[in-house]
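Residue numbers (our numbering): 88 to 452.
So, in structure tokens, the structure goes:
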């Protein structure tokens with residue numbers, strides 16, 4: 088396994104040097120992992136040379152090719168887990184049939200039998216891979232399909248929450264209460280439990296009656312609460328408006344008023360967490376900026392000579408650059424999230440190109 092991992096890392100390094108992705112540590116590490124996964128099936132019958140060959144092929148060919156196929160297919164796999172574990176494992180199962188162990192050290196095994204045939208063994212390995220894939224598919228689709236259905240069903244409330252926030256904005260702009268919008272509010276409360284509960288929390292809806300005697304500040308709070316409910320409870324990364332059987336079934340459940348029970352076992356898949364893990368930036372942005380600010384203030388208090396002051400000034404400039412890049416990345420990720428929530432299916436190149444690698448690296452640093 089160590090030989091396969093080493094040769095897998097070497098193969099991915101060679102591939103990255105031959106392409107424009109030179110020096111990508113993540114690609115090299117995934118190549119090592121792909122080599123480890125590929126050697127798992129044949130680790131008891133593979134010789135040292137076979138281990139090196141399997142790992143090298145996994146890192147040089149299998150992992151890069153399968154990762155590109157995933158991207159070409161517009162399937163979201165930020166850490167290339169399918170390319171490493173799926174493609175690497177399948178390749179390892181099939182490669183086992185070509186292994187010829189050291190029979191003097193291994194002892195009695197079918198691979199050392201005089202009746203052993205490589206092509207029959209390949210058929211057996213392919214049949215085993217088919218059984219594994221079939222079993223995994225049969226178990227995964229009902230389980231994760233159920234959660235995906237609940238996610239899409241609940242996400243259909245997105246339009247209602249957006250319309251509710253727009254109504255509040257119109258009420259604020261016209262300096263008018265909700266009497267002119269009662270028909271719209273009644274429709275939104277019947278369609279969306281989240282809108283109804285939010286209005287009840289602000290005392291605007293009770294037993295089918297509306298009471299919009301709110302001050303300007305309360306209307307702003309109501310608008311913020313509706314936007315927050317959209318972000319935390321409704322927005323999804325599963326593109327609920329796409330035309331799939333799951334989306335059509337979700338619309339049927341939504342029409343049957345199955346939202347209350349559908350929200351209980353739901354797994355949250357927020358749009359900002361997909362593709363490149365940008366949800367972490369939103370959570371840590373304030374923490375990072377506060378830590379940098381504290382460090383700069385501490386250096387300011389201890390700055391006596393000119394060299395220290397120059398260093399403090401440089402740190403302040405870098406801190407401001409960090410904040411600006413974080414804001415740009417978060418703005419673009421939220422724009423992408425809004426497009427996904429409206430049901431648009433962006434091209435993968437456009438999606439990934441919206442957040443440049445340079446800004447991503449600087450924000451990460």
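Even for Gly, the Cβ is constructed at its ideal location relative to N, Cα and C.
Checking the sheet assignment: what are the DSSP bridge partners for residue i?
i, result
"residue 274", "Its beta-bridge partners do not exist; DSSP assigns none."
"residue 292", "297"
Residue i and residue j look like a contact to me (Cβ under 8 Å); what is the Cβ gap, rounded to whole Å?
i, j, result
"residue 166", "residue 150", "The pair is not a contact, with the Cβ atoms about 12 Å apart (cut-off 8 Å)."
"residue 270", "residue 313", "Not quite, the Cβ-Cβ distance comes to about 18 Å (not below 8 Å), so this is no contact."
"residue 250", "residue 275", "6 Å"
"residue 175", "residue 145", "5 Å"
"residue 91", "residue 123", "6 Å"
"residue 272", "residue 297", "6 Å"
State the DSSP-derived secondary structure class of residue i, mapped to helix, strand or coil.
i, result
"residue 268", "helix"
"residue 298", "coil"
"residue 69", "Look at the range of the chain in this structure, 88 to 452, and you will see that residue 69 is not part of it."
"residue 183", "helix"
"residue 203", "coil"
"residue 131", "coil"
"residue 161", "coil"
"residue 223", "helix"
"residue 89", "helix"
"residue 244", "coil"
"residue 188", "coil"
"residue 117", "helix"
"residue 322", "coil"
"residue 285", "helix"
"residue 343", "coil"
"residue 305", "helix"
"residue 124", "helix"
When the Cα atoms are used, what is the spatial distance from residue i to residue j?
i, j, result
"residue 106", "residue 88", "27 Å"
"residue 184", "residue 204", "9 Å"
"residue 283", "residue 148", "55 Å"
"residue 236", "residue 228", "11 Å"
"residue 173", "residue 98", "18 Å"
"residue 115", "residue 103", "8 Å"
"residue 407", "residue 418", "16 Å"
"residue 214", "residue 339", "39 Å"
"residue 415", "residue 405", "15 Å"
"residue 161", "residue 226", "24 Å"
"residue 295", "residue 279", "14 Å"
"residue 212", "residue 180", "6 Å"
"residue 234", "residue 201", "51 Å"
"residue 454", "residue 402", "Since the first and last residues shown for the chain are 88 and 452, residue 454 lies out of range."
"residue 143", "residue 119", "9 Å"
"residue 343", "residue 232", "19 Å"
"residue 268", "residue 224", "49 Å"
"residue 301", "residue 316", "20 Å"
Which residues in the same chain have their Cβ closer than 8 Å to the Cβ of residue i, if we skip the five residues on either side of it in sequence?
i, result
"residue 189", "134"
"residue 305", "289"
"residue 310", "252, 255, 256, 259"
"residue 127", "88, 176, 179"
What residues in its chain sit with their C-beta under 6 Å from that of residue i, if we drop five residues either side in the sequence?
i, result
"residue 186", "129, 132, 133, 137"
"residue 199", "190"
"residue 95", "118, 119, 121, 122, 142, 145, 146"
"residue 220", "none"
Give every residue of the same chain whose Cβ lies closer than 7 Å to the Cβ of residue i, excluding the five residues on either side of it in the sequence, and list them in chain order.
i, result
"residue 321", "241, 242, 244, 245, 248, 281"
"residue 336", "236"
Contact criterion: CB-CB distance below 8 Å. Does residue i meet it with respect to chain D?
i, result
"residue 204", "This model lacks chain D altogether, as it is built from one protein chain only."
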